[in-house]
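Participant: Below is one structure. I have some questions about it.
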Amino acid sequence: MLSISTAPALKEQVNELRSRADAVILAHNYQPLWVKELADFRGDSLQLSRKATTHPASTIVFCGVEFMAESAKLLSPEKRVLLPAAGAGCSLADSITTEQLAKWKTEYSDAIVVAYVNTSAAVKALSDVCCTSANAVEIVREIPRDRTVLFLPDLFLGSYVAERTRHPKLKVWMGECHVHAGIAPEELAAKVSADPDAELFIHPECGCTSEALYRASEIPGAPVKLLSTTQMIEEARRTSKKHVLVATEIGIINDLQAANPGTVFEPVNPSARCPYMNLVTPESLIDSLANGAGEVRLDLATMERAAQPLRAMLDPALRPWRSA
Ligand code: 13P
Ligand code: SF4
1409 MLSISTAPAL KEQVNELRSR ADAVILAHNY QPLWVKELAD FRGDSLQLSR KATTHPASTI
1469 VFCGVEFMAE SAKLLSPEKR VLLPAAGAGC SLADSITTEQ LAKWKTEYSD AIVVAYVNTS
1529 AAVKALSDVC CTSANAVEIV REIPRDRTVL FLPDLFLGSY VAERTRHPKL KVWMGECHVH
1589 AGIAPEELAA KVSADPDAEL FIHPECGCTS EALYRASEIP GAPVKLLSTT QMIEEARRTS
1649 KKHVLVATEI GIINDLQAAN PGTVFEPVNP SARCPYMNLV TPESLIDSLA NGAGEVRLDL
1709 ATMERAAQPL RAMLDPALRP WRSA
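Under my numbering, the final residue of the sequence shown carries the number 1732; numbering is consecutive throughout.
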């Protein structure tokens, strides 16, 4: 595997091009290790959205997938945003189209549309507020209980939010991420019966989310934690357990292991690798830094409309139910 310690020439080249391009490199926690080692910042979707609004660099190189780079552009329209991974889509974002959302909205005239950030800019443009795995519960909890909430597109995250908030008018779109949906309840149950003492770190997009919630409610004191990717790294530092079962994309395992070398972090499904998150190559990163390859371009009308739900996510004062 490519690593900076074995590729000092790449590190040097990236450093030089990064300062020449006045760029900051952001990497999602699922990115390959060599990318995370070269990045200025790594994080979960929420942290990277925040970083995109506050960092002074004029170019953002987003090592992640398309919806993340689009979000950075929406939040910083004056900046150049580059995605050094051609074709890095997302099966979850693809699970709802603008036509489907427009039709769903006609069925509920009073609805607040809560869009997970894993959506296209065009879908965000039809939404009221965005959320990530780190803040979905907090945002839905705030919505008045007499308002219909259309939560999209992830059914597993949606059922977790429904369970935690008990919002009586929450409707959930039946979309899924093929990587997380493939981490099945049976696999989790089998791993837990092999070591009932292991702690569980579960990303709420997983197919085993309901099984994990069931365990948490039925077995008093069961060590089950539903976490965003960065929350997993924070919990990894804190845990005193010898063995943790991890349900999410496996790119994060190296971060968990580095955060706590004394604990064994075992993937619930060792084949849970996101193909889109692994499209970046040293050549494509260099091409972005040197030649501006992979620039995100969105039309003005979409940009203006789609930025609003993202801003409402980051600034509670902008949430539409607060001004109604
Ligand atoms: P986090 O927001 O927990 O980083 O997860 C996002 C995700 O699934 C990206 O594909
Ligand atoms: Fe999309 Fe799933 Fe890949 Fe995340 S892991 S980018 S949700 S396909």
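Idealized CB from N, CA, C, for every residue including glycine.
On a predicted model such as this, the values are computed, not experimentally measured, just so you know.
Between I1610 and V1632, which are expected to be in contact by the criterion C-beta below 8 Å, what is the C-beta distance as a whole number of angstroms?
Facilitator: Against the sequence shown, residue 1610 aligns to sequence position 202. Against the sequence shown, residue 1632 aligns to sequence position 224. Between V1632 and I1610 the Cβ distance is about 7 Å, and since that is below 8 Å, they are a contact.
Participant: Determine, using beta carbons only, whether L1483 and L1708 come nearer to each other than 9 Å.
Facilitator: For the purposes of this step, residue 1483 is taken as residue 75 along the sequence shown, with counting starting at 1. For the purposes of this step, residue 1708 is taken as residue 300 along the sequence shown, with counting starting at 1. Not in contact: L1483 and L1708 (Cβ atoms no closer than 9 Å).
Participant: Considering K1650, what are the terminal residues of the alpha helix (DSSP H) in which it resides?
Facilitator: If you number the sequence shown from 1, residue 1650 lands on position 242. K1650 -> no alpha helix (DSSP H), and no H or E assigned at all.
Participant: Alpha carbon to alpha carbon, what distance is there between A1620 and I1627?
Facilitator: Within the sequence shown, numbered from 1, the residue matching residue 1627 stands at position 219. Within the sequence shown, numbered from 1, the residue matching residue 1620 stands at position 212. Cα to Cα, I1627 sits roughly 10 Å from A1620.
Participant: Can you name, in chain order, every residue of its own chain whose Cβ lies under 6 Å from the Cβ of S1535, other than the five neighbours on each side?
Facilitator: The count along the sequence shown starts at 1 and reaches residue 1535 at position 127. Apart from sequence neighbours up to five positions away, the residues of its chain that approach S1535 with a beta-carbon distance below 6 Å are V1521, A1523, P1717, ordered along the chain.
Participant: Let's see if you can read the secondary structure: which residues bound the beta strand (DSSP E) around K1633?
Facilitator: Locating residue 1633 in the sequence shown gives position 225, where the first residue counts as 1. In this chain, the beta strand (DSSP E) harbouring K1633 covers 1632-1634.
Participant: Pick out the complete beta strand (DSSP E) segments inside the stretch 1463-1526, 3 residues or longer, and give them in chain order.
Facilitator: Every beta strand (DSSP E) stretch that sits fully inside the stretch 1463-1526 and reaches 3 residues is listed by chain position as 1467-1471, 1488-1490, 1520-1524.
Participant: In chain order, what are the residue ranges of uninterrupted alpha helix (DSSP H) at least 4 long that sit wholly in the stretch 1551-1608?
Facilitator: 1563-1573, 1586-1589, 1593-1602
Participant: With DSSP run on the structure shown, which of helix, strand or coil describes I1610?
Facilitator: Position 202 of the sequence shown, counted from the first residue, corresponds to residue 1610. Strand, per DSSP.
Participant: So the beta strand (DSSP E) P1669 belongs to, where does it begin and stop?
Facilitator: To locate residue 1669, count along the sequence shown from 1; it is residue 261. No beta strand (DSSP E) holds P1669; DSSP gives it neither H nor E.
Participant: Any idea which residues DSSP pairs A1431 with across the strands?
Facilitator: Indexing the sequence shown from 1 puts residue 1431 at position 23. A1431 pairs with T1467.
Participant: Compare the C-alpha of E1607 against each of P1669, L1456, V1652 and name the closest.
Facilitator: Counting from one through the sequence shown, the residue named residue 1607 turns up at place 199. The shortest C-alpha separation from E1607 is found at V1652.
Participant: Could you give the first and the last residue of the continuous alpha helix (DSSP H) run that contains V1531?
Facilitator: Residue mapping note: residue 1531 aligns to position 123 of the sequence shown, counting from 1. V1531 -> alpha helix (DSSP H) spans 1529-1532.
Participant: Within 8 Å: the Cβ of L1706 and any heavy atom of ligand 2?
Facilitator: Residue 1706 sits at position 298 when you count from the first residue of the sequence shown. L1706 Cβ: outside cutoff for every heavy atom of ligand 2.
Participant: How many angstroms separate the CA atom of A1465 from the CA atom of K1459?
Facilitator: Numbered from its first residue, the sequence shown carries residue 1465 at position 57. Numbered from its first residue, the sequence shown carries residue 1459 at position 51. For A1465 and K1459, the distance between alpha carbons rounds to 11 Å.
Participant: Do the CB positions of C1538 and A1720 come within less than 9 Å of each other?
Facilitator: Position 130 of the sequence shown, counted from the start, is the residue given in the question as residue 1538. Position 312 of the sequence shown, counted from the start, is the residue given in the question as residue 1720. Taking 9 Å as the Cβ cut-off, C1538 and A1720 qualify as a contacting pair.
Participant: Do E1613 and S1541 have their C-beta atoms within less than 9 Å of each other?
Facilitator: The sequence position of residue 1613 within the sequence shown is 205, counting from 1. The sequence position of residue 1541 within the sequence shown is 133, counting from 1. Cβ distance < 9 Å, so E1613 and S1541 count as in contact.
Participant: What's the C-alpha gap between E1478 and A1602?
Facilitator: Position 70 of the sequence shown, counting from 1, holds the residue named residue 1478. Position 194 of the sequence shown, counting from 1, holds the residue named residue 1602. Their backbone Cα atoms lie some 42 Å apart in a straight line.
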